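Worksheet for the structure shown next.
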Amino acid sequence: MLFFVARKLLYIVPVLIAVSILTFVIASLLPGDLAYVILGDQATPEKVAALRHDMGLDEPIWLRYFGWLWHILQGDFGRSFRTGQTVLDAVSERIPVSFELMMLAELIGLAIGVPLAIACAAKAGSAFDRFVTSSAFGMLSVPTFLSAILLIYLFAVELHWLPATGYVPIAEDPIANLRFMVLPALTLALAEWPGIMRVLRSDMIAALQEDYIALAKAKGLKPSRILFVHALKPSSLTLVTITGINIGRLIGGAVIVETIFALPGIGRLLVGAIYTRDLIILQGVVLLVAAGFVIMNFIVDMLYAVLDPRIRHGHA
Amino acid sequence: MSGVLLSVEDALVELPTPRGNLRAVDHVDLTVDAGRTLGIVGESGCGKTMLSRAILQLLPKKARLSGRVMFDGQDLTRLSPEKLRKLRGRSLAVVFQDPMTSLNPVLTIGTQLIETIQEHLALDLAEARKRSVELLAAVGIPAPEQRLAQYPHQLSGGMRQRVAIAVALSCEPKLLIADEPTTALDVTIQAQILDLLAREQRRRHMAMIIITHDLGVVAGRTDEVAVMYAGRVVERAPTPALFKQMRMPYTEALLAALPKLDAAPHTPLPAISGRPPDPTRPLKGCSFAPRCRYAAGRCNTDKPVLSRAETAEHLYACFHPIETTASGRA
Numbered sequence: 001m002l003f004f005v006a007r008k009l010l011y012i013v014p015v016l017i018a019v020s021i022l023t024f025v026i027a028s029l030l031p032g033d034l035a036y037v038i039l040g041d042q043a044t045p046e047k048v049a050a051l052r053h054d055m056g057l058d059e060p061i062w063l064r065y066f067g068w069l070w071h072i073l074q075g076d077f078g079r080s081f082r083t084g085q086t087v088l089d090a091v092s093e094r095i096p097v098s099f100e101l102m103m104l105a106e107l108i109g110l111a112i113g114v115p116l117a118i119a120c121a122a123k124a125g126s127a128f129d130r131f132v133t134s135s136a137f138g139m140l141s142v143p144t145f146l147s148a149i150l151l152i153y154l155f156a157v158e159l160h161w162l163p164a165t166g167y168v169p170i171a172e173d174p175i176a177n178l179r180f181m182v183l184p185a186l187t188l189a190l191a192e193w194p195g196i197m198r199v200l201r202s203d204m205i206a207a208l209q210e211d212y213i214a215l216a217k218a219k220g221l222k223p224s225r226i227l228f229v230h231a232l233k234p235s236s237l238t239l240v241t242i243t244g245i246n247i248g249r250l251i252g253g254a255v256i257v258e259t260i261f262a263l264p265g266i267g268r269l270l271v272g273a274i275y276t277r278d279l280i281i282l283q284g285v286v287l288l289v290a291a292g293f294v295i296m297n298f299i300v301d302m303l304y305a306v307l308d309p310r311i312r313h314g315h316a
Numbered sequence: 001m002s003g004v005l006l007s008v009e010d011a012l013v014e015l016p017t018p019r020g021n022l023r024a025v026d027h028v029d030l031t032v033d034a035g036r037t038l039g040i041v042g043e044s045g046c047g048k049t050m051l052s053r054a055i056l057q058l059l060p061k062k063a064r065l066s067g068r069v070m071f072d073g074q075d076l077t078r079l080s081p082e083k084l085r086k087l088r089g090r091s092l093a094v095v096f097q098d099p100m101t102s103l104n105p106v107l108t109i110g111t112q113l114i115e116t117i118q119e120h121l122a123l124d125l126a127e128a129r130k131r132s133v134e135l136l137a138a139v140g141i142p143a144p145e146q147r148l149a150q151y152p153h154q155l156s157g158g159m160r161q162r163v164a165i166a167v168a169l170s171c172e173p174k175l176l177i178a179d180e181p182t183t184a185l186d187v188t189i190q191a192q193i194l195d196l197l198a199r200e201q202r203r204r205h206m207a208m209i210i211i212t213h214d215l216g217v218v219a220g221r222t223d224e225v226a227v228m229y230a231g232r233v234v235e236r237a238p239t240p241a242l243f244k245q246m247r248m249p250y251t252e253a254l255l256a257a258l259p260k261l262d263a264a265p266h267t268p269l270p271a272i273s274g275r276p277p278d279p280t281r282p283l284k285g286c287s288f289a290p291r292c293r294y295a296a297g298r299c300n301t302d303k304p305v306l307s308r309a310e311t312a313e314h315l316y317a318c319f320h321p322i323e324t325t326a327s328g329r330a
């Protein structure tokens, strides 16, 4: 098991290096010289050249990359040239918002998707199954901004149950915080549950055809035990994968949802950095988000091993 | 004789297929007395597995079953799912063909044993654990205590089949159905598993049905043999009587197809030529007629019924039974 963890951890290193190179190169390839952005379009060529030299922009790209990486390894991701805020400060200020949103969205998505998947698999081919499966397909094709607007219209405008936009930190007022978070989380969850439902449903239908399910029936086990223990556990691997990918994706912030609901999360930080050509922030945030994604996948691999002993023992 | 435990009466299993109804089991009658063993023999696709699934009421959802399956005084085909559940695993147990797929890969051996025991017997966890260890020891698994925490993939095929047998024996069933219990195993393991089954059957006084394609498997280990062909029982007799004088040409052909130890090297095996009839298009006459070297006249137009021979226990369905004493185990 220890060997398994160590091997998976070793895989992460080259991935992170590749991610850092890509991030840096893409940021460098963006149109617009950073010096011009800082100095404005009234700048003289001499001033630009001087600033470029000061910032090291006239050096070759690989030298700049190693300089950047060197600082990062020391914990310095740089600071915004606009606000003077460091990347780490900006991210740690916003990560609780995105993290909370992501957790709530996944929880709601799983709470809708998993029970429906189990019910559908148990009654595969029934009218209920067909109804849920086709609604899931329908939900998949509803874009987030549309469901966000519909939810705002229903719960905020018509029913006045929840606020439409805004944010209160959880430390200040947990109840108010939750009231602001429910609609954005629900919006994301509405897009998440169909994927969860469909994947788990088809895995469970396949598992229910297995010999060991026939034997579980022949053993006289209760239908609930057959469904929830004998069929659900071996079916949960793909579910863990897509949940992990969803979480990884949402670590980077849900750009559209954060924008619509005016939540100060990572997504809006990124969009802001792009609008203002704040390359330092952009590079740093993208790298951190990518690292989060990679680590999330590492956690998924670990969960695999917990769920399936064959992976744990290297037999798969 | 301690009375009939299982009697299958006029069982008919049909599966709808795109090419029409497939009649997997065709009007089969069988009985098994308490404490006795029955071997069901036939080639692949003859309906023996479907018959076993029909007895267990584990047929595919689309399959239709008619007839009665009387077990211990109750008709299993009419039992409520809940009553059936209380019976399965308790007094009616099964061992499947492939131990690689019949044990759940993500649950420990212990879990799979203990859940069965606790489902049917009023034992607490410690007692169920103790019983599991005893069962594993009884089926010849070394270090049974440690096995409880292991997963199926950590055991060899033969060991897994022993675990499956332990699961089947866990609640002292009255009837054990072993569906090709050794087909998926190495030849060297096969005899061990069959001997284990026979030993436990005698020790526990349970009835057993062994389903196999191999007449050699049932030869020394069963009280009675039923030979199936194309969904029907074509010959049924006490095992010694059958091997002493088989009447149905199909049984003879099955036996002839077994490799013999004393045959000269490079002797070709007398395989049964042709293949079984399409089960979606039943023949008018005897279903074995197209492949039978004795077939003549009536064989192609009338269906022979299973009827008594000289002795009351020997039944066969044939118009031209083999008259001379078949040289049993040549």
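So the sequences go chain by chain: A and B. Residues 1 to 316 in UniProt numbering are what the first sequence lists, from first letter to last. Residues 1 to 330 in UniProt numbering are what the second sequence lists, from first letter to last. For each residue, glycine too, the CB sits at the ideal point set by N, CA and C. From a predicted model like this one, the values you see are computed outputs, not experimental measurements.
* Asked: Which of helix, strand or coil does DSSP assign to D75 (chain B)?
  -> The sequence position of residue 75 (chain B) within the second sequence is 75, counting from 1. In the structure shown, D75 (chain B) sits in a strand (DSSP, three-state: E or B).
* Taking Cβ positions only, does G284 (chain A) come closer than 8 Å to chain B? -> What you label residue 284 (chain A) is simply residue 284 of the first sequence in a count that begins at 1. Closer than 8 Å: no.
* Can you give me the Cβ contacts of E158 (chain A) inside the same chain, cut-off strictly under 8 Å, excluding the 5 residues immediately before and after it? => Within the first sequence, the letter at position 158 stands for residue 158 (chain A). Result list for E158 (chain A): empty, nothing under 8 Å.
* alpha helix (DSSP H) containing residue 328 (chain A): first to last residue? -> Because chain A is modelled from 1 through 316, residue 328 (chain A) falls outside the range shown and cannot be assessed.
* Just reading off the beta strand (DSSP E) that T37 (chain B) is part of, what are its end residues? -> Position 37 of the second sequence holds residue 37 (chain B). Taken as a continuous stretch (DSSP letters only), the beta strand (DSSP E) holding T37 (chain B) covers T37 to V41.
* Apart from the five residues just before and just after T325 (chain B), which ones in its own chain have a Cβ nearer than 6 Å to its Cβ? -> Mapped onto the second sequence, residue 325 (chain B) falls at position 325. The predicted model places T325 (chain B) with a pLDDT of 44, which falls under 50 and marks its position as unreliable; any figure quoted below should be read in that light. Around T325 (chain B): Q245.
* Burial state of I152 (chain A) (16 or more Cβ within 10 Å) -> Taking the first sequence and counting its residues from 1, one reaches residue 152 (chain A) at position 152. Counting Cβ neighbours within 10 Å, I152 (chain A) comes out buried, since at least 16 surround it.
* **Residue burial classification, E323 (chain B) (beta-carbon count within 10 angstroms, cutoff 16)** => By one-based count along the second sequence, residue 323 (chain B) stands at place 323. E323 (chain B) is exposed by the Cβ-count criterion.
* Cβ of E115 (chain B) within 8 Å of any chain A Cβ -> Start at 1 with the first residue of the second sequence, and residue 115 (chain B) comes out as number 115. Yes, because at least one Cβ of chain A sits closer than 8 Å to the Cβ of E115 (chain B).
* Asked: What is the C-beta distance between A184 (chain B) and A93 (chain B), in whole angstroms, given that I count them as a contact (C-beta under 8 Å)?
  -> Taking the first residue of the second sequence as 1, we reach residue 184 (chain B) at position 184. Taking the first residue of the second sequence as 1, we reach residue 93 (chain B) at position 93. Not confirmed; about 19 Å, so no contact.
* To do: Let me know the alpha helix (DSSP H) ranges lying completely inside the stretch 145-222 of chain B, each 4 residues or longer, listed in chain order.
  => 157-169, 187-204 and 215-219
* N104 (chain B) in three-state terms, based on DSSP -> Here residue 104 (chain B) refers to the residue found at position 104 of the second sequence. Collapsing the DSSP output to three states places N104 (chain B) in coil.
* Asked: By how many angstroms is the C-alpha of A105 (chain A) removed from the C-alpha of A254 (chain A)?
  -> For this step, residue 254 (chain A) is matched to residue 254 along the first sequence. For this step, residue 105 (chain A) is matched to residue 105 along the first sequence. So the two alpha carbons sit approximately 10 Å from each other.
* Would you list, in chain order, the members of the stretch 224-248 of chain A that have their beta-carbon closer than 8 Å to a beta-carbon of chain B? => R225, V229, H230, K233 and P234
* Using a Cβ-Cβ cut-off of 6 Å (strictly less than) and excluding sequence neighbours within five positions of R201 (chain A), which residues of its own chain qualify? -> The sequence position of residue 201 (chain A) within the first sequence is 201, counting from 1. So the qualifying residues of the chain are A117, C120 and A121.
* Asked: Helix, strand or coil: which one does DSSP assign to L242 (chain B)?
  -> Mapped onto the second sequence, residue 242 (chain B) falls at position 242. Helix, per DSSP.
* To do: Take the Cβ of D302 (chain B) as the centre, count every other Cβ of all protein chains shown within 10 Å, and call the residue buried at 16 or more, exposed below.
  => Taking the second sequence and counting its residues from 1, the one referred to as residue 302 (chain B) is at position 302. Exposed: under 16 other Cβ atoms inside 10 Å.
* Return the chain-ordered list of same chain residues with a C-beta closer than 8 Å to the C-beta of Y212 (chain A), the five sequence neighbours on each side being excluded. => By 1-based counting over the first sequence, the position of residue 212 (chain A) is 212. The answer, listed in chain order, is H230.
* Would F155 (chain A) pass as a contact of V168 (chain A) if the rule is Cβ separation under 8 Å? -> Taking the first residue of the first sequence as position 1, residue 155 (chain A) is located at position 155. Taking the first residue of the first sequence as position 1, residue 168 (chain A) is located at position 168. No, they are not a contact pair.
* Any C-beta of chain B under 8 Å from that of D129 (chain A) -> Taking the first sequence and counting its residues from 1, the one referred to as residue 129 (chain A) is at position 129. No, D129 (chain A) lies away from the interface with chain B (no Cβ there is under 8 Å from its Cβ).
* Asked: Contact between the stretch 270-290 of chain A and the stretch 28-45 of chain A: three or more CB pairs below 8 Å?
  -> Under the 8 Å Cβ criterion, the stretch 270-290 of chain A counts as touching the stretch 28-45 of chain A, having at least three qualifying pairs.
* Please work out which residues of its chain come closer than 8 Å, Cβ to Cβ, to N21 (chain B), disregarding the five sequence neighbours upstream and downstream, and give them in chain order. => The residue you call residue 21 (chain B) lines up with position 21 of the second sequence. Within the same chain, N21 (chain B) has close Cβ partners E14, L15 and T280.
* With a threshold of 16 other CB atoms inside 10 Å of the CB of P234 (chain A), please say whether the residue is buried or exposed. => The sequence position of residue 234 (chain A) within the first sequence is 234, counting from 1. P234 (chain A) should be labelled buried.
* Between the stretch 148-182 of chain B and chain A, which residues of the former have a C-beta closer than 8 Å to a C-beta of the latter? -> Y151, H153, Q154, A164 and V167
* Should D29 (chain B) and V4 (chain B) be called a contact, given that it needs their Cβ atoms to be closer than 8 Å? -> Within the second sequence, the letter at position 29 stands for residue 29 (chain B). Within the second sequence, the letter at position 4 stands for residue 4 (chain B). The answer is no: Cβ separation not under 8 Å.
* To do: Check whether the Cβ atoms of R236 (chain B) and L306 (chain B) sit closer than 8 Å, and answer yes or no.
  => Along the second sequence, read from residue 1 onward, the residue named residue 236 (chain B) stands at position 236. Along the second sequence, read from residue 1 onward, the residue named residue 306 (chain B) stands at position 306. Their beta carbons are under 8 Å apart, which means R236 (chain B) touches L306 (chain B) by this criterion.
* **Cβ-Cβ distance between L6 (chain B) and V32 (chain B) below 8 Å** => Counted from its first residue, the second sequence places residue 6 (chain B) at position 6. Counted from its first residue, the second sequence places residue 32 (chain B) at position 32. Their beta carbons are under 8 Å apart, which means L6 (chain B) touches V32 (chain B) by this criterion.
* Asked: What residues from the stretch 77-92 of chain B come within 9 Å of chain A, judged by C-beta to C-beta, listed N to C?
  -> P81, L84, R85, K86, L87, R88, G89, R90 and L92
* **Minimum length 3: unbroken beta strand (DSSP E) runs contained in the stretch 134-177 of chain A** => none
* To do: Name the two residues that bound the continuous beta strand (DSSP E) containing residue 390 (chain B).
  => Coverage of chain B is limited to positions 1 through 330, which leaves residue 390 (chain B) absent and any answer about it impossible.
* Which word fits S170 (chain B), buried or exposed, when buried means at least 16 other C-beta atoms lie within 10 angstroms of its C-beta? -> Position 170 of the second sequence, counting from 1, holds the residue named residue 170 (chain B). Buried.
* Asked: Does any CB atom of chain A fall closer than 8 Å to the CB of L103 (chain B)?
  -> Counting from 1 along the second sequence, the entry for residue 103 (chain B) is found at position 103. Among the residues facing chain A, L103 (chain B) is included, as its CB has a counterpart in that chain under 8 Å away.
* Asked: Name the chain B residues whose beta carbon is nearer than 7 Å to that of A122 (chain A)?
  -> Within the first sequence, the letter at position 122 stands for residue 122 (chain A). Residues of chain B passing the Cβ test: none, with the nearest at roughly 12 Å.
* Would you please verify whether the beta carbon of A206 (chain A) is less than 8 Å from any beta carbon of chain B? => Position 206 of the first sequence holds residue 206 (chain A). Not one chain B Cβ lies under 8 Å of A206 (chain A).
* Of all Cβ atoms in chain B, is any one closer than 8 Å to the Cβ of E59 (chain A)? -> Taking the first residue of the first sequence as position 1, residue 59 (chain A) is located at position 59. For E59 (chain A), the answer is no, since every Cβ of chain B falls outside 8 Å of its Cβ.
* Among the residues of its own chain, which have a CB less than 6 Å from the CB of L50 (chain B), if the five just before and after it don't count? -> Stepping through the second sequence from its first residue, residue 50 (chain B) is reached at position 50. Here the sequence assigns Met to residue 50 (chain B), which means Leu is not the residue at that position. Take M50 (chain B), set aside five residues on each side of it, and the residues of its chain with a beta-carbon closer than 6 Å to its own are V13, A24 and V25, in chain order.
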